[in-house]
Structures are given as structure tokens and as C-alpha cells.
Amino acid sequence: MTHALFITFEGIDGSGKSTQARLLHDNLQSQGIDTVLTREPGGSPGAEEIRRLVLEGDPERWSAETEILLFTAARRDHLERLIEPSLAAGRTVICDRFADSTRMYQGLSRGNLRQKVDELHRLMIRREPDLTLLIDMDPETGLSRAKGRQGHEERFEDFGLGLQQRMRDGFLALAAEFPERFRIIDGDRSQEEVAAEVLSISRKALA
Ligand code: ADP
Ligand code: TYD
Numbered sequence: 040m041t042h043a044l045f046i047t048f049e050g051i052d053g054s055g056k057s058t059q060a061r062l063l064h065d066n067l068q069s070q071g072i073d074t075v076l077t078r079e080p081g082g083s084p085g086a087e088e089i090r091r092l093v094l095e096g097d098p099e100r101w102s103a104e105t106e107i108l109l110f111t112a113a114r115r116d117h118l119e120r121l122i123e124p125s126l127a128a129g130r131t132v133i134c135d136r137f138a139d140s141t142r143m144y145q146g147l148s149r150g151n152l153r154q155k156v157d158e159l160h161r162l163m164i165r166r167e168p169d170l171t172l173l174i175d176m177d178p179e180t181g182l183s184r185a186k187g188r189q190g191h192e193e194r195f196e197d198f199g200l201g202l203q204q205r206m207r208d209g210f211l212a213l214a215a216e217f218p219e220r221f222r223i224i225d226g227d228r229s230q231e232e233v234a235a236e237v238l239s240i241s242r243k244a245l246a
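Under our numbering, the first residue of the sequence shown is numbered 40, with each subsequent residue one higher.
Spelled out as C-alpha cells, the structure:
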């Protein structure tokens, strides 16, 4: 017997979150566990429209304060239309990034705005994941993997290595702040090794 969980992946760009979220989804599905795979920013039609606004274009396009509002607006739509209804139907939701990314990227990248992020979260989102898998890795390796993808969604990668380093340290501090739901996973291994640990932690949580 398993019960539905809300599982999120967090970590710096290129750490392997999307790869591992997909593998976990496939592995759980093949074991007969009903799961929904989704991502942020995005995951619902309206939130995917906001995704384009925040991930494309000049790094200076939006201030950190405006980004808090845009990412939270996208999250609210995603929560209302996909996450909450799926959990209510007994389906496990696997989400590539969630509110912890806003705590880091908008809360720490350009001054300390963490309190504003938390206040808006309390007002509009409230939900926290049951389990957060933090894929930790060296920022230089992560950034070179991310750059290797050659997409158009490079606004945050264009902030450079210094930002990735601060995000890595910030995520590790966040894991210490919420130890009951965070698990830290070493991302600097083969995809298969990382996936085996991710599956084992998730199965235990689902049991
Ligand atoms: P993220 O979603 O964290 O940005 P991705 O899953 O998109 O990361 O991975 C970034 C790139 O690195 C992709 O090209 C992916 O194929 C590759 N990759 C993912 N995991 C590994 C790994 N364990 N070892 C080497 N390359 C990896
Ligand atoms: P994502 O598509 O997960 O990028 P990657 O695969 O490179 O990790 O997310 C794109 C960017 O969006 C990423 O650089 C982090 C940023 N982001 C925020 O700044 N705040 C948020 O709340 C979220 C969800 C993402």
C-alpha cells in the first residue's frame, strides 16, 4: 500500500533535476504507482505562458520583486489546476522545482528578499512538499551541463557561475532549515546511480 505524496526536485541549473524527475516518474509508474510529472515555472497552460516571460530575454528584464509576483502567480495557477486536484485524486505528484526555488533565486540572488518571498507564499500558496530531493553538485559542472543544452531559456544561467555557487550554498542551508522534508543527493554520479538512490528514498516515503 502507498499513499499519494507531493515530491519536489531542487538544485542548481544542470544538476540533473529534470532527468531524475522523469526517471522517478517512469520507475514509479512501472511499479504500478499512479504519478503525475510536472515542472515549475509552468505545469498548467497559464503558468507555461508566464514561464516564457520569466525565462527568456535579458537578465535585467525583471527586478527580483517583480519576479516574486510572476513566479508566485504561475505557482498559484499550477497548484489550483494540477497539483491539488491530482493529490486529491490519490495521485503522487513529482514536480521539477517548486517554492524552494523562489526562496533561493528571488529570495537571495539580488539582495535578501526571503521575507517577502515567505510572506507571499503564506498568503497565496501555503502548501509545502512532503519530500524534497536536493540534487547537490559542483556549480561549474552543473553550469557546463546546462549550457550544453543550448536552449532559449537561459536568463538565469546568464547570471553566471557566481550566482550558481550562491544558490548551491543557499540550497544546502535550506535543507538544514527544513530537515524533515529535505534529502540531499550527490548529483556528481552516473544517472543510474542517482536514480537508484532517488527511487529508494521515494519508495520509503511512499510506504
Ligand atoms: P536540470 O533539470 O537540473 O537543469 P537536466 O536533467 O536537464 O538538469 O540535466 C542537464 C544536462 O546534463 C542534460 O543534458 C542531461 O542529459 C545531463 N545529465 C543529467 N544527469 C547527468 C549525470 N548524472 N551525468 C552526466 N550528465 C547528466
Ligand atoms: P528550470 O527549467 O528548472 O531550469 P534548469 O533545468 O536549468 O534547472 O528552471 C529555469 C530557471 O528558473 C532556473 O534558472 C531557476 C529559475 N526559477 C526561479 O528563479 N524561481 C522559481 O521559483 C523557479 C521555479 C525557477
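Positions of the beta carbon are idealized from the N, C-alpha and C atoms, including for glycine.
- Per DSSP, the unbroken beta strand (DSSP E) holding E49 starts and ends at F45 to E49.
- Around the Cβ of S83, a 10 Å sphere holds 16 or more other Cβ atoms; the residue is buried.
- Distances taken from the Cβ of A185 to the heavy atoms of the ligand ADP include one shorter than 8 Å.
- The C-alpha of P218 lies about 10 Å from the C-alpha of L170.
- Contact between L152 and A112 does not hold, since the beta-carbon distance rounds to 16 Å and is not under 8 Å.
- Here the C-alpha atom of R184 lies approximately 16 Å from the C-alpha atom of V233.
- Beta-bridge partners of F221 (DSSP): T171.
- Of the residues P124, L211 and A86, the one whose Cα lies closest to the Cα of L172 is L211.
- Within the region 51-95, the complete alpha helix (DSSP H) runs of at least 4 residues fall at 56-69 and 84-94.
- Relative to the ligand TYD, T171 has its C-beta separated by 8 Å or more from all heavy atoms.
- Each residue's CA atom was taken as its position, placing K186 and E95 some 14 Å apart.
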